[in-house]
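These notes are about the structure you will find just below.
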Amino acid sequence: MLQALEPTADSGWLLIEQGYDPVREVSIESRFTVSNGLLGVRGARAISRGPTWVSWLQHLKWASWPRTFVAGLFDTPNIDPPVPALVPAPDWLRVRVHLDGEPVLQHMGEKLSHQRILDMRRGALLTQWRHRNPSGVVVKVSTYRAVSLADRRLGLQLVRVEVEDEAAHEVSLEARFGQMGGGLDADRLEQDLGVWRTEQSGKSLAIACSAALQLNGAELPGRAPSPFHWSWHWTSEAGLAASFQRMIAVVRADDPAGDPSREALNALDRAKRGGWRDVLAQHEAAWAERWQQSDLVVAGDDAATQALRFAVYHLNGAANPADEKVSIGARALTGDAYLGHVFWDTETYVLPFYIATWPEAARALLMYRYHMLPAARAKAARMGWRGAMYAWESADTGEETTPDHVLDPRGATIRVLCGIQEQHISADVAYAVWQYWEATGDDRFMLDAGAEILLETARFWASRAVLEANGKRHIREVIGPDEYHESIDDSAYTNVLARWTIRRGIDIATTLRERWKDRWEQLSGKLGCDDAELRGWADVADTLFINFDPKSGLFEQFTGFFELEEVDLAQYAGQTLPLDVVLGRERVQRSQIVKQADVVALLAMLPDECGAKARLANFQFYAKRCAHGSSLSKGMHALVAAQLGDVASALRYFRETAAIDLHGASDSVAGGVHIAALGGLWQAAVFGFAGVSLRCNALRINPHLPAGWQRLGFCVHWRGRLVRVDIDQAAKEVAVSLVKGDAMPLEVSGKSHLLRPAGTYRTGF
16 MLQALEPTAD
26 SGWLLIEQGY
36 DPVREVSIES
46 RFTVSNGLLG
56 VRGARAISRG
66 PTWVSWLQHL
76 KWASWPRTFV
86 AGLFDTPNID
96 PPVPALVPAP
106 DWLRVRVHLD
116 GEPVLQHMGE
126 KLSHQRILDM
136 RRGALLTQWR
146 HRNPSGVVVK
156 VSTYRAVSLA
166 DRRLGLQLVR
176 VEVEDEAAHE
186 VSLEARFGQM
196 GGGLDADRLE
206 QDLGVWRTEQ
216 SGKSLAIACS
226 AALQLNGAEL
236 PGRAPSPFHW
246 SWHWTSEAGL
256 AASFQRMIAV
266 VRADDPAGDP
276 SREALNALDR
286 AKRGGWRDVL
296 AQHEAAWAER
306 WQQSDLVVAG
316 DDAATQALRF
326 AVYHLNGAAN
336 PADEKVSIGA
346 RALTGDAYLG
356 HVFWDTETYV
366 LPFYIATWPE
376 AARALLMYRY
386 HMLPAARAKA
396 ARMGWRGAMY
406 AWESADTGEE
416 TTPDHVLDPR
426 GATIRVLCGI
436 QEQHISADVA
446 YAVWQYWEAT
456 GDDRFMLDAG
466 AEILLETARF
476 WASRAVLEAN
486 GKRHIREVIG
496 PDEYHESIDD
506 SAYTNVLARW
516 TIRRGIDIAT
526 TLRERWKDRW
536 EQLSGKLGCD
546 DAELRGWADV
556 ADTLFINFDP
566 KSGLFEQFTG
576 FFELEEVDLA
586 QYAGQTLPLD
596 VVLGRERVQR
606 SQIVKQADVV
616 ALLAMLPDEC
626 GAKARLANFQ
636 FYAKRCAHGS
646 SLSKGMHALV
656 AAQLGDVASA
666 LRYFRETAAI
676 DLHGASDSVA
686 GGVHIAALGG
696 LWQAAVFGFA
706 GVSLRCNALR
716 INPHLPAGWQ
726 RLGFCVHWRG
736 RLVRVDIDQA
746 AKEVAVSLVK
756 GDAMPLEVSG
766 KSHLLRPAGT
776 YRTGF
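Take the sequence shown: its position 21, counting from 1, is numbered 36 in our numbering, and each next residue is one higher.
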């Protein structure tokens, strides 16, 4: 067990927290989460923790508490407003050590050392703690925890206890599941098996568990006084170490009639036959494979390497390619914030990482949107439109889960319009479908699911745009990415992406007719989509009003934006509160203050909508008006600045994005890491500084590395190939190697090349 408890030797893979600060505990727990896309376990301490519990209904009252999240385990609590939320599973990690009858606790005695280590390479959380109790006896406790990336149902906990004293002492170790809060009712509780059911949705959760303790390699019999409760007692002596191991298997069932207990027991039985060492070895092998395809190394900037590895660690732990019925919420499986709901963040900020490094995960995330099409169609129909209008906040059914109101800090009711007006998500989903198809060439996905999403979102926008007396079609009463301004008309971001979506709907209809006629006949018959409707879509796209001034080269963010009050944001530099709080919502709504990347996001997503000169003009105009009131914002600014060649600004935005979770205030990170910001950080490095584009008929690379970055190395997938890219700043050379797959077209800084299997192409930039 000693080897398992030791961290990776290379400190570049480690995030280390020394000591214990209760004030910072909430943010540390988020950062140090271990996750595998099914299970997410916050980095709360397992040893020396009191029996405190904060109910899941009190999700906004941050405190230090354990959380194990199960993807897709949603229920709707009886609160106001009633919206679905992820229900925490039982706390399976609780351990208490007693020495001579007294508990070993942080506040009782002297803490000699305490550190937590997130071993990102191995996907594990380690703790090392030495404590002197009030009697002067020193106890050393080391722990390991992980949730398996090889078999996502499995969790593993290891604990080693040593008494550093020559004299004999009575020691006991008690392991149990923590007290349950609201949200789950017990259907069945046995010693090693529990089945719970959500109160409203009828989902069920089964956990099978095994626990054992050994003294110097020999198993020690223990007691099992109640379900999920074990205890052992021994007399310590010099050189004697106790090793505790606990394994769990967790299975979620969505069918109210389902019983997941058998699957959980079978999974645990298989794990027990191989033993915890085999579970650990397979888990580490799975992480090694993921890192081989997704690691980024920045020579000359250790801080950037750590930030990118931290981002990739959480991104790799957030996805589950085996489950098409779940997606990734705004805080993944690392905290309660946003209740596990899925936003546009997933498709716009997170999905590109998976497209480039893990296409199977990207496909599953898009299949989630396909399975939610019925709910999207129903929402469009309720609001009087056709096609599919996706929920702004989505959980497990695809129904709109955005609350219609919230209470401000003073208790006043604020109406929430996002669920009605923030409609650009229906274009964002279509954009993600097309981006995936271009980068992967996954025709099977397009035929089975993607084409239907594109056609139904195109149909929605064609019905949403209204022809007016000026001969133009307009989209009124919306909210763009800049949520400081509500009920606006003709959002540039929304309208341009709506037009783009309509045209992609026409394109896929044409492609289906030409390449897969039978599928087109089947799908057009199912949807009732005929030639007349497609001609109507083309007319809508051609007449949709776009707020673009060809003289200045500027998009007007929405109609009337240029007439709003200009505010010098430099006056508020260093302000930690959002500006709508500082200045008031009304003042901000009357101003040109932008919450987050809006037109700037449009520049990143559809760079060909305007020329290079206009892109620069728009970036310069909107960047100085952006208050960055969202964690999404600075990563997108870093991406666009890098593509425009403003590398110094891009690096500043990059570092500020990295700091959000690595060094951010405790209350900001308390509810979980900002997974979209982490995705934006990856995009800034790969699509920005490296200048990679996956959306062309060749893999394109056009680097703009910061001066301090001596080398940037990473891998990407492109249309069934795995490609290694190494950019050497000092030599001004790019080396591209085809690791796996057939010969492929490559373009580096405008130079074309045919990259052959196992070949490497080197060129200057």
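Virtual Cβ for every residue (Gly too), placed ideally from N, Cα, C. These numbers were taken from a predicted model, which means no experiment stands behind them.
Item                                                                                                                                                                 : Value
How long is the line joining the alpha carbons of residue 12 and residue 44, rounded to whole angstroms?                                                             : Here the chain covers residues 16 to 780 and nothing more, so residue 12 does not appear.
Under DSSP, the beta strand (DSSP E) around residue 382 begins and ends at which residues?                                                                           : That residue, residue 382, is in no beta strand (DSSP E); its alpha helix (DSSP H) goes 374–386.
Step through the CB atoms of chain B and report whether any lies within less than 7 Å of the CB of residue 629.                                                      : Among the chains of the structure shown, chain B does not appear; only one protein chain is present.
Excluding five sequence neighbours on each side, which residues of the same chain lie with their C-beta closer than 6 Å to the C-beta of residue 441?                : 404, 405, 472 and 475
Straight-line CA distance for residue 584 to residue 693?                                                                                                            : 25 Å
On the DSSP letters alone, give me the boundaries of the alpha helix (DSSP H) that residue 615 sits inside.                                                          : 614–620
Any idea if residue 767 is buried or exposed, counting beta-carbon neighbours within 10 angstroms, 16 or more meaning buried?                                        : exposed
Buried or exposed: where does residue 253 fall if 16 or more other Cβ atoms within 10 Å of its Cβ makes it buried?                                                   : exposed
Between which two residues does the alpha helix (DSSP H) carrying residue 125 extend?                                                                                : Element bounds for residue 125: not the alpha helix (DSSP H) but the beta strand (DSSP E), 125–134.
Thinking residue 236 and residue 209 are a contact (beta carbons under 8 Å), I'd like their distance in whole angstroms, please.                                     : Not confirmed; about 23 Å, so no contact.
If you follow the alpha helix (DSSP H) that residue 628 is part of, which residue opens it and which one closes it?                                                  : 627–638
CB-CB under 8 Å to residue 127, same chain, minus the five flanking residues each way: which ones, in chain order?                                                   : 145, 146, 147 and 153
Thinking just about the alpha-carbon of each residue, which of 663, 287 and 488 is nearest to the one in residue 557?                                                : 488
The alpha helix (DSSP H) with residue 729 in it runs from where to where?                                                                                            : Segment 726–733 is the beta strand (DSSP E) holding residue 729; no alpha helix (DSSP H) there.
Roughly how many whole angstroms lie between the Cα atoms of residue 519 and residue 447?                                                                            : 12 Å
Pairing CB atoms from the stretch 443–458 with CB atoms from the stretch 410–419, are three or more of them under 8 Å?                                               : no
With a threshold of 16 other CB atoms inside 10 Å of the CB of residue 732, please say whether the residue is buried or exposed.                                     : buried
One question on the structure: do residue 84 and residue 295 come within less than 7 Å of each other, judged by their Cβ atoms?                                      : no
How close, in whole Å, do the beta carbons of residue 136 and residue 23 come, if the pair is a contact with beta carbons under 8 Å?                                 : 5 Å
How would you call residue 483, buried or exposed, if buried means at least 16 neighbouring beta carbons within 10 angstroms?                                        : exposed
Applying the criterion that 16 or more other CB atoms from any shown protein chain within 10 Å of the CB defines a buried residue, is residue 586 buried or exposed? : exposed
So, residue 313 versus residue 724, is the Cβ gap smaller than 7 Å?                                                                                                  : yes
Tell me whether residue 134 is buried or exposed, calling it buried when 16 or more other Cβ atoms sit within 10 Å of its Cβ.                                        : buried
Between the C-alpha atoms of residue 499 and residue 364, what's the straight-line distance to the nearest angstrom?                                                 : 20 Å
Here's the rule: buried if 16 or more other CB atoms are within 10 angstroms of the residue's CB, otherwise exposed. What is residue 678?                            : exposed
Spell out the partners DSSP gives residue 62 in its beta bridges.                                                                                                    : 110
Take residue 37 as the anchor and find which of 513, 685 and 709 has the nearest alpha-carbon.                                                                       : 685
Check for me: the beta strand (DSSP E) holding residue 566 runs from which residue to which?                                                                         : Taken as a continuous stretch (DSSP letters only), residue 566 belongs to no beta strand (DSSP E), as it is neither H nor E.
With distances taken from CA atoms, which of 97, 82, 706 and 215 is nearest residue 103?                                                                             : 82
Output the distance between the C-alpha atoms of residue 289 and residue 16, rounded to the nearest integer angstrom.                                                : 15 Å
I want to check one thing, is the minimum distance from the CB of residue 667 to the heavy atoms of the ligand GTP below 6 Å?                                        : Looking at this structure, you won't find the ligand GTP or any other ligand, since it has none at all.
Please identify the residue among 311, 223, 458 and 309 whose C-alpha is closest to the C-alpha of residue 274.                                                      : 223
Which one of 58, 201, 654 and 214 has the shortest CA to CA distance from residue 159?                                                                               : 58
For residue 328, does the three-state DSSP call read helix, strand or coil?                                                                                          : helix
Let's test the definition: count the other Cβ atoms within 10 Å of the Cβ of residue 18 and tell me whether it reaches 16, buried, or not, exposed.                  : exposed
Going by alpha carbons, who is nearest to residue 706 out of 55, 660 and 738?                                                                                        : 660
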